[in-house]
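Read the structure below first, then the notes.
Numbering (my numbering), first residue to last: 233 to 370.
Below you can see the structure in the form of structure tokens.
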């Protein structure tokens, strides 16, 4: 925890880096990564990964015509499973899963259901089944 606190305070002293990378968009969802960093979902800025070891930030955004990229700009919820895959709920673009080892996103647009409901929360039960919280319920 001390290492992470040092990283955040060091970032805050570098205001140009923070403003451009993270705080120019609303940081909405946060999830501590198993390997020690922090996943940050934003409104309008896609997904960010704060790497505490390298003291760097990596940004993931939708790329037109690339179905292996993030599906939308607004990431409302984040969950990292035991495999290290990162599950992402978006406002109108369904569920995404990101494999950090390959750098590839897989999209599940049908998960939002009719009307493309936002996915506000994600969690995993003891049987490794994902539960998604939407405006319409689970």
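Just so it is clear, CB atoms sit at the ideal spot from N, CA and C, and this is done for glycine as well. Just so we're clear, the structure is a prediction, and the values are computed from it rather than from any experiment.
Alpha-carbon to alpha-carbon, residue j and residue i
{"i": "residue 366", "j": "residue 275", "result": "17 Å"}
{"i": "residue 263", "j": "residue 312", "result": "8 Å"}
{"i": "residue 360", "j": "residue 314", "result": "8 Å"}
{"i": "residue 329", "j": "residue 338", "result": "5 Å"}
{"i": "residue 332", "j": "residue 290", "result": "11 Å"}
{"i": "residue 341", "j": "residue 288", "result": "30 Å"}
{"i": "residue 352", "j": "residue 309", "result": "6 Å"}
Residue i vs residue j beta-carbon contact at 7 Å
{"i": "residue 294", "j": "residue 323", "result": "no"}
{"i": "residue 284", "j": "residue 269", "result": "yes"}
{"i": "residue 266", "j": "residue 316", "result": "yes"}
{"i": "residue 364", "j": "residue 356", "result": "no"}
Closest by C-alpha distance to residue i, when choosing among the options
{"i": "residue 296", "options": "304, 290, 328", "result": "304"}
{"i": "residue 301", "options": "359, 309, 292", "result": "292"}
{"i": "residue 260", "options": "318, 340, 282, 307", "result": "307"}
{"i": "residue 319", "options": "288, 278, 280, 354", "result": "354"}
{"i": "residue 325", "options": "333, 332, 334, 299", "result": "299"}
Beta bridge counterpart(s) of residue i as assigned by DSSP
{"i": "residue 320", "result": "310, 328"}
Beta strand (DSSP E) runs wholly inside the region 272-313, at least 3 long, in chain order: 279-283, 288-292, 307-312
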